[in-house]
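Accompanying notes for the structure given below.
Protein chains: 2
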Amino acid sequence: MDTTQRTDQQRSADRRRRELLEAADRVVLRDGPQASMNAIAAEAGITKPILYRHFGDKGGLYAALAMRHTDALLASLRAALDAPVDRRERVESTLDTYLAAIEARPQVYRFLMHPAEGSTGGDQGFDVGKHSAPLLRRMGEELAQVIEERVDLGPESQRLARVWGHGIVGMMHAAGDWWLGERPCSRAELVRSLADLLWGRLAAAGDRVGGPGF
Amino acid sequence: MDTTQRTDQQRSADRRRRELLEAADRVVLRDGPQASMNAIAAEAGITKPILYRHFGDKGGLYAALAMRHTDALLASLRAALDAPVDRRERVESTLDTYLAAIEARPQVYRFLMHPAEGSTGGDQGFDVGKHSAPLLRRMGEELAQVIEERVDLGPESQRLARVWGHGIVGMMHAAGDWWLGERPCSRAELVRSLADLLWGRLAAAGDRVGGPGF
DNA sequence: GGTGCGATGTTACTTGCGGTAACACGAGTC
DNA sequence: GACTCGTGTTACCGCAAGTAACATCGCACC
């Protein structure tokens, strides 16, 4: 029948696509975000045009690849955010989940943060703003939603939740990136310090004696 | 004399370098971070090899370019951080300074955040971690220093200050990036919301009634 | 005053990557 | 057996980074 044919084909195409993505994954894991299409094709045992038929262009492949990892990471984060414990503990466990992930697979992490920068032509549209990685945006939105659902923030609740969602994600990201590069302390210490920051310890701390001006 | 000769030459070279950087600046402002070396050379009225003699490679040029803007922005931020007002106001004014800067020159901002990603060969060292823009790192360190100087954080003061420096900068950056893309509210509202977050309002807020689980 | 020399500039090239056109083959269909 | 469609290939284009080799001007030095 026509329908069964088509489903068979689709299934086959999907399987192929998954295989290609896994090959691409291996290459990106090895070569970093600058893995070339040639290298990926070679790893998959085929040649470039097939990749282009499946994913359109490099951006498409990278987007598909990023989606997989982003989904996986977001699922872990959602689990941490849904744990039935108090807020502080939930925040700490979410931070820790994220940091553990980037610690375990730094190459993947780097790829997710700098997806498709280089290459020729392409985005002459110059999308100012929203230049940051899709992962950050998605995490920000996700967190915003959780905050808005769970925390009572009064009339401006929606705006506050979104600002905070993106802000907290950015804090986590930047601190994590810095920490991954310098390793100045243990993961647990980092988590506690960030949670302390979110818990207002900056506002609560006193001025240093002999500080300039006040 | 030998010395005066050399200084003359150096001066001339420095002037030339500055001219080249200004040309590069114009092109980057027009074409975004993907400005080609050819385009920059053309804008400066010369040809590629001269650029390479002055800056080594594309990364060198971009680094020099980024340094100028980074220095300028950091100077503004330092001024805001040094204002003789109370802490909350200082935090808000620093946030506002940063956001005003990225709002005024989004292309420059984008360039600073995504400096030299693409291109061929190069960093096979795969510097995991420290992949983020130098601007973010410098701002983080700067803020860390200010915090450590001014705020009394007890025994772990140094570590806390650095974590917070990078974390706050990341929060500012991510929120700013998102805000620049979506413009969901005024700058002043964003500033207030972020300051509220830093002032512990997340910890202080109550649970939403009927929330899932608790 | 010719002469070497270093800075400044050019043209023309190589290499490597993203992306595509054109061709080749194998399996099902009428 | 011809047709077509999915899958694959080779060979190419365009373009950008980076470089080699050559041209020119100013200028100290003998």
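So the protein sequences, as listed, match chains B and C. Last residue of the first sequence: 214 (my numbering), numbering continuous. Last residue of the second sequence: 428 (my numbering), numbering continuous. Cβ coordinates follow ideal geometry from the N, Cα and C atoms, glycine included. Owing to the predicted nature of the structure, the values given are computational and were not obtained by experimental measurement.
Which residue's Cα is closest to the Cα of residue i: the options?
| i | options | result |
| --- | --- | --- |
| L99/B | S193/B, P184/B, R192/B and G176/B | G176/B |
| L326/C | T261/C, A278/C and L404/C | A278/C |
| Q321/C | A294/C, A227/C, L357/C and G246/C | G246/C |
| R53/B | R16/B, G140/B and C185/B | R16/B |
| T70/B | A203/B, G140/B, R87/B and W199/B | G140/B |
| W178/B | P398/C, R352/C and E396/C | R352/C |
| S93/B | G167/B, G59/B, S193/B and Y62/B | S193/B |
| K272/C | V242/C, R292/C and R376/C | V242/C |
| V405/C | G154/B, R26/B, L197/B and G167/B | G167/B |
| R26/B | E43/B, D14/B and L160/B | E43/B |
| A289/C | Y276/C, E317/C and T311/C | T311/C |
| E362/C | D14/B, A13/B, L51/B and A205/B | A205/B |
| A161/B | E396/C, A375/C, R232/C and L411/C | L411/C |
Rounded to whole angstroms, what's the CA-CA distance from residue i to residue j? Just pull it up for me.
| i | j | result |
| --- | --- | --- |
| Q359/C | A297/C | 16 Å |
| E236/C | S36/B | 33 Å |
| R30/B | A24/B | 10 Å |
| W199/B | G384/C | 17 Å |
| L234/C | A347/C | 23 Å |
| F55/B | M67/B | 13 Å |
| P184/B | L287/C | 27 Å |
| G165/B | A388/C | 10 Å |
| L349/C | R292/C | 14 Å |
| V163/B | L394/C | 12 Å |
| S371/C | A417/C | 22 Å |
| I46/B | L61/B | 15 Å |
| I102/B | R110/B | 8 Å |
| E403/C | R159/B | 9 Å |
| R415/C | Q248/C | 41 Å |
| G154/B | D86/B | 20 Å |
| I264/C | D228/C | 14 Å |
| G427/C | E142/B | At G427/C the pLDDT is 43, less than 50, meaning the model places this residue with poor confidence and gives no usable figure here. |
| S400/C | R18/B | 44 Å |
| D366/C | H328/C | 35 Å |
| E396/C | S12/B | 40 Å |
Within the continuous alpha helix (DSSP H) that includes residue i, where are the two ends?
| i | result |
| --- | --- |
| L404/C | R401 to L412 |
| A347/C | Note, A347/C: premise wrong, no alpha helix (DSSP H); not H, not E. |
| P106/B | P106 to M113 |
| G60/B | K58 to L81 |
| D49/B | It should be pointed out that residue 49/B corresponds to Pro in this sequence rather than to Asp. Start and end: K48 to F55. |
Could you round the C-beta distance between residue i and residue j to whole angstroms and report it? I think they count as a contact, below 8 Å.
| i | j | result |
| --- | --- | --- |
| M386/C | L309/C | 6 Å |
| A39/B | K48/B | Not really, about 10 Å apart at Cβ, beyond 8 Å. |
| R422/C | R150/B | 5 Å |
| R88/B | A195/B | 6 Å |
Helix, strand or coil for residue i? Go by DSSP, reduced to three states.
| i | result |
| --- | --- |
| D421/C | strand |
| V151/B | strand |
| A35/B | coil |
| D25/B | helix |
| V169/B | helix |
| E331/C | Because E331/C carries a pLDDT of 49, less than 50, the predicted location of this residue cannot be relied on, and no value is offered for it. |
| R230/C | helix |
| Y312/C | helix |
| E182/B | helix |
| V299/C | coil |
| E355/C | helix |
| G390/C | helix |
| E43/B | helix |
| E317/C | helix |
| E92/B | helix |
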